[in-house]
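What follows is a short report on a single structure.
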Amino acid sequence: MLGLMQNQPLLTSMLLDFAARHHGDTPIVSRRVEGDIHRYTYRDLAARSKQLANALDGMGLAAGDRVASLAWNGYRHMELYYGVSGSERVMHTLNPRLHPEQMAWIINHAEDKVLCFDMTFLPLVQAIHAKCPTVKQWVALCDADKLPADSGIPGLVDYEAWIGGQKTDYAWPQFDENTAAGLCYTSGTTGNPKGALYSHRSTVLHAYGGALPDALNVSARDSMMPVVPMFHVNAWGLPYVAALVGCKVVFPGPAMDGKSLYELMEAEQVTMAAGVPTIWQMLLTHVQSNGLKFSSMNRTVIGGSACPPAMIDTFREEFGIDVLHAWGMTETSPLGTVCTLKNKQLSLPPAQQLAIRVKQGRAIFGVDMRIVGDDGQDQPWDGKAYGDLLVRGPWIMDTYFKGASPLVEDAQGRGWFPTGDVATIDADGFMQITDRSKDVIKSGGEWISSIDIENIAMGHPAVAMAACIGMPHPKWDERPIVAVVKKPGAQLTREELLKFYEGKGQAKWQIPDDVVFVEAIPLGATGKMLKTKLREDLKDYKLPGL
Ligand code: ADP
Numbered sequence: 001m002l003g004l005m006q007n008q009p010l011l012t013s014m015l016l017d018f019a020a021r022h023h024g025d026t027p028i029v030s031r032r033v034e035g036d037i038h039r040y041t042y043r044d045l046a047a048r049s050k051q052l053a054n055a056l057d058g059m060g061l062a063a064g065d066r067v068a069s070l071a072w073n074g075y076r077h078m079e080l081y082y083g084v085s086g087s088e089r090v091m092h093t094l095n096p097r098l099h100p101e102q103m104a105w106i107i108n109h110a111e112d113k114v115l116c117f118d119m120t121f122l123p124l125v126q127a128i129h130a131k132c133p134t135v136k137q138w139v140a141l142c143d144a145d146k147l148p149a150d151s152g153i154p155g156l157v158d159y160e161a162w163i164g165g166q167k168t169d170y171a172w173p174q175f176d177e178n179t180a181a182g183l184c185y186t187s188g189t190t191g192n193p194k195g196a197l198y199s200h201r202s203t204v205l206h207a208y209g210g211a212l213p214d215a216l217n218v219s220a221r222d223s224m225m226p227v228v229p230m231f232h233v234n235a236w237g238l239p240y241v242a243a244l245v246g247c248k249v250v251f252p253g254p255a256m257d258g259k260s261l262y263e264l265m266e267a268e269q270v271t272m273a274a275g276v277p278t279i280w281q282m283l284l285t286h287v288q289s290n291g292l293k294f295s296s297m298n299r300t301v302i303g304g305s306a307c308p309p310a311m312i313d314t315f316r317e318e319f320g321i322d323v324l325h326a327w328g329m330t331e332t333s334p335l336g337t338v339c340t341l342k343n344k345q346l347s348l349p350p351a352q353q354l355a356i357r358v359k360q361g362r363a364i365f366g367v368d369m370r371i372v373g374d375d376g377q378d379q380p381w382d383g384k385a386y387g388d389l390l391v392r393g394p395w396i397m398d399t400y401f402k403g404a405s406p407l408v409e410d411a412q413g414r415g416w417f418p419t420g421d422v423a424t425i426d427a428d429g430f431m432q433i434t435d436r437s438k439d440v441i442k443s444g445g446e447w448i449s450s451i452d453i454e455n456i457a458m459g460h461p462a463v464a465m466a467a468c469i470g471m472p473h474p475k476w477d478e479r480p481i482v483a484v485v486k487k488p489g490a491q492l493t494r495e496e497l498l499k500f501y502e503g504k505g506q507a508k509w510q511i512p513d514d515v516v517f518v519e520a521i522p523l524g525a526t527g528k529m530l531k532t533k534l535r536e537d538l539k540d541y542k543l544p545g546l
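This is how it looks when you write it as structure tokens:
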């Protein structure tokens, strides 16, 4: 027997309509590429997203066609999110930090028809446009007076002229909620980029899940700053979560340095922000070295790579800011787990609470997870046994765009997505990533977690950044070393840091064999440490005594 409830497809246009109607005057504030601060409201966002949809109709773009963006976090990018998907086209966010060759490859693979870019990326577009024959329209996300006369890009228009003459009325079409809404390629730290194609249904459900109190806990009372780029897994879905709850949004634009972020946070009274650990490290350095405080921020979402315990501790103890440590990936939309304590854990002493907070957290309703051993058998949830992390749920990917399905079947024939991460899960359901499977260090048949080694180094006051990799060893297969960037002006020797590892819960054989001081750790397109590059940089390195 079927239920007798209204069968309304879950579409991203619902989120925009809701925000415009119920939170019409709530501000959306953006730092623009030009450097000035732009302000408008959800009502304006809706009107301009409709103008954009009319412009796309006007050029005869078909349902399902891809519209790409190369842009920072800002109001025009948000209009693209809603105007493109709402009118049944597919929003494809490109990561501007990729190599131009890789970018052209992705544009051709996606068969993008329109490409909208911030002026920061004009030189990049000039370099690749001739290699992208599928793109029929290039659009500069700028005011008319900023459009260069001689860009060399055929038919280039400025966004304002493109949508300016269009009507602000548009009836969002109704269609199957499983229709594609967004396309995002993995950043390729683990090989060739692959496309995850999100549906309207997965996007809306992910926004519901993300807003929950035990997830990111977002409400109409928040002032939210997505620092994580909108080209990195849709800024973790925050532009959708924001509309779902109708909160104020503050976009940092291209200015991601500690000073600019801090000043905007204070000026706009940001209550929650989200980004990768490297960004927060820069912010903390700025705030600490200038003796500043946060006057409105109460929590920050940190994910994308493991958040060092020292960072969680500093935010909490020095600034009264809760860190929500979160885990996810492009293929999981991305929110999978968020670390928030349970009621029974609130009375634990601070050190025990910190030991929980450093974990990647509990599954959000909608995400199911397992850890399995090499034999495919489930590992116990005891916080010690580790295995390959598998996930499933309505916002987890099934098949790559124009590619294969990586899912593995369980005994009941249900498909699970293999994350490529190795993790433990404790009896309370808190998952902790020990490593990416390719970064695990295998020493004498035992595994050493590179994340544990990095976390300890990051706890040393002289260390700005640390990356642990395995080096070939004739007897042990691999031995860990740690590459370290010192804080400016700080003194630290190899021996001091190795000594610092003692008494930190590591067995003797888990302590790194060597410390290599480097100027910088190579970062990938999404601000994560690029260990493949680090291994390459250190290819002539020899372990002590070999
Ligand atoms: P890519 O795989 O191209 O780097 P993703 O952004 O999809 O792009 O990266 C997902 C991966 O990032 C996860 O599989 C995991 O290894 C890592 N990751 C994400 N969040 C965390 C976290 N909180 N702690 C540790 N690792 C994380």
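Residue numbers (full-length UniProt numbering): 1 to 546. Note that CB positions come from ideal geometry on N, CA and C, so glycine has one too. On a predicted model such as this, the values are computed, not experimentally measured, just so you know.
Counted within 10 angstroms of its Cβ, other Cβ atoms place residue i as buried (16 or more) or exposed
i	result
Met59	exposed
Met397	buried
Ala507	exposed
Thr112	It should be noted that the sequence gives Asp, not Thr, for residue 112. Looking at its Cβ environment, which holds 16 or more other Cβ atoms inside 10 Å, Asp112 is buried.
Leu94	buried
Asp222	buried
Thr340	buried
Tyr541	exposed
Met297	buried
Gly387	buried
Leu70	buried
Trp509	exposed
Ser289	exposed
Thr330	buried
Glu88	buried
Ser49	buried
Asp421	buried
Coil, strand or helix - residue i by DSSP
i	result
Arg32	coil
Phe430	coil
Gly77	Going by the sequence as given, residue 77 is His instead of Gly. It is helical.
Pro480	strand
Ile396	coil
His38	strand
Tyr208	helix
Met224	strand
Arg299	strand
Ile453	helix
Ala411	coil
Met59	coil
Pairwise C-alpha distance: residue j and residue i
i	j	result
Leu390	Gly336	11 angstroms
Met14	Asn54	18 angstroms
Gln377	Met458	35 angstroms
Gln345	Arg436	28 angstroms
Ser347	Ser405	44 angstroms
Gln137	Leu156	7 angstroms
Ile451	Thr434	6 angstroms
Gly165	Leu52	10 angstroms
Asp65	Lys359	40 angstroms
Tyr159	Cys142	6 angstroms
Tyr82	Lys487	42 angstroms
Cys132	Leu183	17 angstroms
Phe121	Val233	19 angstroms
Lys499	Asp513	11 angstroms
Ala104	Tyr185	13 angstroms
Pro173	Ala411	40 angstroms
Contact test: residue i Cβ vs the ligand ADP heavy atom, cutoff 8 angstroms
i	result
Asp388	no
Cys468	no
Gln360	yes
Lys528	yes
Ile451	yes
Ala310	no
Ala215	no
Gly304	yes
Met329	yes
Thr419	yes
Ala457	no
Ala326	yes
Any contact between the segment 226 to 235 and the segment 360 to 380? By contact I mean 3 or more CB pairs, one from each, below 8 angstroms. no
Does the segment 527 to 538 touch the segment 300 to 307, meaning 3 or more C-beta pairs lie closer than 8 angstroms? yes
Flag this pair as touching only if the segment 207 to 219 and the segment 411 to 429 have three or more C-beta atom pairs under 8 angstroms; answer yes or no. no
Three or more beta-carbon pairs under 8 angstroms between the segment 439 to 447 and the segment 347 to 358, yes or no? no
Take every Cβ of the segment 196 to 207, pair it with every Cβ of the segment 9 to 23, and state whether three or more of those distances are shorter than 8 angstroms. yes
Taking one C-beta from the segment 87 to 104 and one from the segment 28 to 43 each time, how about it: are there three or more such pairs within less than 8 angstroms? no
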